[in-house]
Amino acid sequence: MAEPGPGPARRATGRLLAVLCGALLTGCGGEAAPVAVGVATAVATTPAAPSVAATPRPEILVAVLERRGGAQAANRVAIVGLDGRARAAAALLPRDVPTPGGLRAVLQPEARVAAGAVYYADGAGVVRRLAVGGGDPRRVATFPIAAGQQALAFAVSPDGLRLVATVLTVAPWHVDVEMASAGGRTVTVRTIEVPDLEPGTAPRTLQIAGWDTTGPVALTDGVTAELQDDGTGLWQGHPAHLDAHGTTGRPMGGPGCGASFVEPDGTLLCHDPPTATTIVLRPDGSLLHRFTSTGPGPRLSPDATRLAYSLGGGGAAVQSQDGSVVALAAGFTATGWLDPATLIGTTRGGELAYVALSAPSHAVDMGFPGSFVGVVQG
Numbered sequence: 161m162a163e164p165g166p167g168p169a170r171r172a173t174g175r176l177l178a179v180l181c182g183a184l185l186t187g188c189g190g191e192a193a194p195v196a197v198g199v200a201t202a203v204a205t206t207p208a209a210p211s212v213a214a215t216p217r218p219e220i221l222v223a224v225l226e227r228r229g230g231a232q233a234a235n236r237v238a239i240v241g242l243d244g245r246a247r248a249a250a251a252l253l254p255r256d257v258p259t260p261g262g263l264r265a266v267l268q269p270e271a272r273v274a275a276g277a278v279y280y281a282d283g284a285g286v287v288r289r290l291a292v293g294g295g296d297p298r299r300v301a302t303f304p305i306a307a308g309q310q311a312l313a314f315a316v317s318p319d320g321l322r323l324v325a326t327v328l329t330v331a332p333w334h335v336d337v338e339m340a341s342a343g344g345r346t347v348t349v350r351t352i353e354v355p356d357l358e359p360g361t362a363p364r365t366l367q368i369a370g371w372d373t374t375g376p377v378a379l380t381d382g383v384t385a386e387l388q389d390d391g392t393g394l395w396q397g398h399p400a401h402l403d404a405h406g407t408t409g410r411p412m413g414g415p416g417c418g419a420s421f422v423e424p425d426g427t428l429l430c431h432d433p434p435t436a437t438t439i440v441l442r443p444d445g446s447l448l449h450r451f452t453s454t455g456p457g458p459r460l461s462p463d464a465t466r467l468a469y470s471l472g473g474g475g476a477a478v479q480s481q482d483g484s485v486v487a488l489a490a491g492f493t494a495t496g497w498l499d500p501a502t503l504i505g506t507t508r509g510g511e512l513a514y515v516a517l518s519a520p521s522h523a524v525d526m527g528f529p530g531s532f533v534g535v536v537q538g
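Residue 243 in the working numbering is what sits at position 83 of the sequence shown, and the numbering runs on without skipping anything.
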């Protein structure tokens, strides 16, 4: 953030930063502290309702992907506090996006959170581990890919000891399922050949998407490429668990569940755009809750009691299980939750920000453009 000029404006800015630092219970160091986006009353002066925390817990640390120097793709991975300051960071070789036949490959996130660290894959397919106090990033696996021709999707076991990846090749189309132990060699356990397609079309095929308490989760019919990726980072396909041979089991949530996400405990989120309905299923497949009149990009709170989603015109909202709906700050798009009462996402300018449900109309800018990966600590 640029240093303000002398005079009253500078003194006013200093007073505002002091108030914000005090409200967040953090110090203002050399990097910019988060600032409130919206009206000047972003910091509440009255006690918050006891049912919703006024601000997130200060010990929360999140993994993020940053775009530095005006880059269009992520070129830095970091673990940051809600003050926007990095506790650990590393440069990231950006990945290429294959463009077969004028389409764009649909990519899974290049970073995952597991075992108190962030695991991230660079543009060459090297997966590294970054942790606070862990020293330099450590290489844990390599899934080699060719720039512009292949796309990597990977997942990490909750204990950080095993990795599974799918490597999509676009010319000719095929998928390799690869597995590795942390620090061990990579083994290709299955190769899926895809028949020739009409020009300008792309197959739906196997794609690794996550890992729950049962094991790795893959989309059996994941979208490989389309005219434009929706950018939500959510799944587009039907999930199933993957075995040691790269073979999928029965569909999770049944064949009608077009899943958007699975929680680490196996709780499944199934979104049906035509009916604007999102259902939450327990790991055993039984219904936990049905949210109605929802929008795209659904994100389930950690306690499964609230659902955030996008609205038309750049808006977003949160729906509770009792059906009540709360609008979020204008221009804020939720991409995850920090705790049951705090969301994280981006502003219209692509800046990372968070919103507390005690003050839902105010987004607190964390001071840099980027995307949320997951909660590392908190």
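By construction, the Cβ of each residue, glycine as well, lies at the ideal position given by its N, Cα and C atoms.
Residue from GLY406, TRP333 and GLY413 whose Cα sits closest to the Cα of PRO399: Checked all of GLY406, TRP333 and GLY413; the closest Cα to PRO399 is GLY413.
First and last residue of the uninterrupted beta strand (DSSP E) at ASP525: Judged by DSSP secondary structure, ASP525 falls within the beta strand (DSSP E) whose first and last residues are 523–537.
Separation of GLY474 from ALA487, as counted between CA atoms: Spanning the two alpha carbons is a distance of roughly 11 Å.
Could you give the distance in angstroms between the alpha-carbon of PRO258 and the alpha-carbon of ALA277? So the two alpha carbons sit approximately 28 Å from each other.
Determine contact between the region 509–522 and the region 484–498, defined as no fewer than three beta-carbon pairs at a distance below 8 Å. Output reads yes: the region 484–498 touches the region 509–522.
Cross-strand partners of HIS547 (DSSP beta bridge): No statement about residue 547 is possible, as the shown extent of the chain runs from 161 to 538 and does not include it.
Report buried or exposed for GLN232, applying the criterion of at least 16 other Cβ atoms within 10 angstroms of its Cβ. Label assigned to GLN232: exposed.
State whether the region 345–365 contacts the region 289–299, with contact taken as three or more CB pairs (one from each stretch) at a distance under 8 Å. Under the three-pair Cβ rule at 8 Å, the region 345–365 does not count as touching the region 289–299.
In this structure, does DSSP put SER518 in helix, strand or coil? Correct three-state label for SER518: coil.
To the nearest angstrom, how far is it from the Cα of ARG227 to the Cα of ALA436? Taking the straight line from one Cα to the other gives about 33 Å.
Figure out for me which residue from ALA519, HIS522 and GLY505 has the closest Cα to the Cα of GLY534. Considering only alpha carbons, the answer is GLY505.
Nearest to PRO433 by CA position, among SER446, LEU447, PHE451 and PRO456, is which residue? With distances taken between Cα atoms, PRO433 lies closest to PRO456.
As a quick exercise: from SER453, ALA464, LEU498 and ASP499, pick the residue whose alpha carbon is nearest that of ALA477. Checking every option, the nearest Cα to that of ALA477 belongs to SER453.
Run the CB neighbour count on ASP463, radius 10 Å, all protein chains shown included, and call it buried at 16 or more, exposed below. Around the beta carbon of ASP463, fewer than 16 other beta carbons sit within 10 angstroms, so the residue counts as exposed.
Cut-off 8 Å between Cβ atoms - residues of its own chain near ASP319, not counting five sequence neighbours on either side: Cβ neighbours of ASP319 within its own chain (closer than 8 Å, five residues either side excluded): ALA274 and ALA275.
Once the 5 residues before and after GLY343 are set aside, which same chain residues still bring their CB inside 7 Å of it? Cβ neighbours of GLY343 beyond the five flanking positions: VAL300.
For the beta strand (DSSP E) containing THR507, name the first residue and the last one. Segment: none, THR507 is in no beta strand (DSSP E) and carries neither H nor E.
Cα-Cα, which of THR302, VAL324 and PRO458 is closest to PRO431? Checking the sequence shown, residue 431 turns out to be His, not Pro. The shortest Cα separation from HIS431 among THR302, VAL324 and PRO458 belongs to PRO458.
Simplified DSSP assignment, three categories, for GLY409: Strand, per DSSP.
Could you compute how far the alpha carbon of SER518 sits from the alpha carbon of GLY472? If I take the Cα positions, the gap works out to 23 Å.
Where PRO542 falls: helix, strand or coil (DSSP): Absent from the structure is residue 542, since the part of the chain shown begins at 161 and ends at 538.
For GLY530, is the classification buried or exposed, using 16 other Cβ atoms within 10 angstroms of its Cβ as the cut-off for buried? Buried.
Rounded to whole angstroms, what's the CA-CA distance from ARG442 to THR427? Just pull it up for me. ARG442 and THR427: Cα-Cα distance of roughly 5 Å.
Cα-Cα separation, THR326 to PRO269: Rounded to the nearest whole angstrom, the C-alpha separation of THR326 and PRO269 is 13 Å.
LEU447 lies in the beta strand (DSSP E); which residues open and close that run? Residues 447–452.
Distance, LEU312 Cα to ALA284 Cα: In this structure, the alpha-carbon of ALA284 lies about 9 Å from that of LEU312.
Taking all protein chains shown into account, decide if GLU338 is buried (16 or more other Cβ within 10 angstroms of its Cβ) or exposed. That one is buried.
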